[in-house]
Amino acid sequence: MNAYQPTSLGTTILTLVFYITIIGFAIYSLIALYALLRFGRSKILSMTITILYLIIAAGLYAAAITNLHAIRF
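Structure representation (structure tokens):
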């Protein structure tokens, strides 16, 4: 796997915006999952939803990274 190397200012800005958005999404997700696990009624259901959510989020992240690398300026 090769590291992503921005080649222009536009690519660098796009990459920064992308990763800032991902960090914001991750923080929001952690807070939401904490609230679900802490205040949810059923711990088994909460764990099932958490695992499903993390699998979906990982898939979406992989697709977003692939699309980010496909953008050419």
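Going by UniProt numbering, the sequence shown opens with residue 1, and the numbers climb by one from there.
Built from N, CA and C at the ideal position, the CB exists for glycine as well.
Here the structure is a predicted model, which is why all the values come from computation and not from measurement.
CB contact flag (residue i, residue j, <8 Å)
{"i": "I49", "j": "L36", "result": "yes"}
{"i": "I71", "j": "L16", "result": "no"}
Residue span of the alpha helix (DSSP H) that contains residue i, given as start and end
{"i": "T50", "result": "K43 to A70"}
{"i": "G40", "result": "No alpha helix (DSSP H) holds G40; DSSP gives it neither H nor E."}
Integer-rounded CB distance, given that residue j should sit under 8 Å from residue i
{"i": "F18", "j": "L60", "result": "13 Å between Cβ atoms; not a contact."}
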